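To start, the structure itself, in structure tokens.
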Amino acid sequence: MNEILSITDIRAGYGALDVIFNIKMNIKPGEIVAVIGPNGAGKSTLLKVISGVLRSNKGKVTYKSKDITNKSPQEIVKMGLSWVPQENNIFSKMTVRENLEIGAFILDENIDERLDEVFLIFPQLKDRMDQIAGSLSGGQRQMLAIARGLMIHPELLLLDEPTAGLAPNLAHDMLIKIKNITEKFGNAVLLVTQTLNALELSERVYLLTAGEIKYEDTTDNFLNNQEIKELYFGGIKHK
Ligand SMILES: Nc1ncnc2c1ncn2[C@@H]1O[C@H](COP(=O)(O)OP(=O)(O)O)[C@@H](O)[C@H]1O
Ligand SMILES: [Mg+2]
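Counted the way the numbering used here counts, the sequence shown spans residues -16 to 222.
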């Protein structure tokens, strides 16, 4: 088995209410895979289960051939799996530097070298090291959130709607950065999105609606499948 991540039959939710069901998916090392689906489909819930912040009620998550189901977020991060949440993904009262240092909390080594690597991807952050994160623009905050996630040398990066709220040109720049990251660091990415434009990055795509994976295919086949697109995205606006 050469997958970096493999999920079988996951079911999870909040309190007595399950919101994702029978989730099955896999990702190979270095691969970019998208999960697309409308608001409320359960995309963020799925990432919470993988990263260990939400317990699953059923099923199994395997990462680098180890069972990580319901392990703590700290244990999972230490294995090189980084999650960039959709919301509250930076400490807005701290500086850019402090945010990045916190991102590296599991590293024993001197982090200066790692900072330099991350700045090659996001040079704008280098110029703003001592700025309070809350004063950054929306695009810069998202860069900082991803940069934080990169500080641990992840082998798998979970990105929750990294282009949400960005103007189309900034969203496009961000997608190119994400591609650059995988080329430079060789990590795999699980990219959660509501919009089709993010699929320019992904090799494969899973469609998640109402808590279930309804379709999976290569991105090319998905984009050429008019029936699927209309059925699930007819009501969604695309930029
Ligand atoms: N903390 C929470 N407590 C209770 N219900 C939640 C919570 N977070 C999300 N939900 C519900 O779970 C469902 C899936 O939400 P979510 O995973 O955030 O969807 P998506 O990320 O695809 O928009 C929605 O019905 C949402 O209202
Ligand atoms: Mg979400």
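From the three backbone atoms N, C-alpha and C, an ideal C-beta is built for every residue, glycine too. For clarity, every value in this text was computed on a predicted model and none was experimentally measured.
query                                                                                     : result
Collapsed DSSP secondary structure at Leu173 in the structure displayed                   : strand
Residue burial classification, Lys238 (beta-carbon count within 10 angstroms, cutoff 16)  : For residue 238 there is no data in the structure shown, the boundaries of the chain being -16 and 222.
Same chain, Cβ closer than 7 Å to Ala193, neighbours up to 5 away in sequence not counted : Ala24
Beta-carbon proximity of Ile51 to Thr28, cut-off 8 Å                                      : no
Inter-residue Cα distance where the pair is Leu133 and Gly121                             : 19 Å
The segment 178 to 196 in contact with the segment 124 to 132 per 3-pair CB rule at 8 Å   : no
Where Phe74 falls: helix, strand or coil (DSSP)                                           : coil
Span of the alpha helix (DSSP H) around Arg111                                            : It is not in any alpha helix (DSSP H) - Arg111 carries neither H nor E in the DSSP assignment.
Gly13 versus Met157: straight-line alpha-carbon distance, rounded                         : 18 Å
Three-way DSSP call (helix, strand, coil) for Ala128 in this model                        : helix
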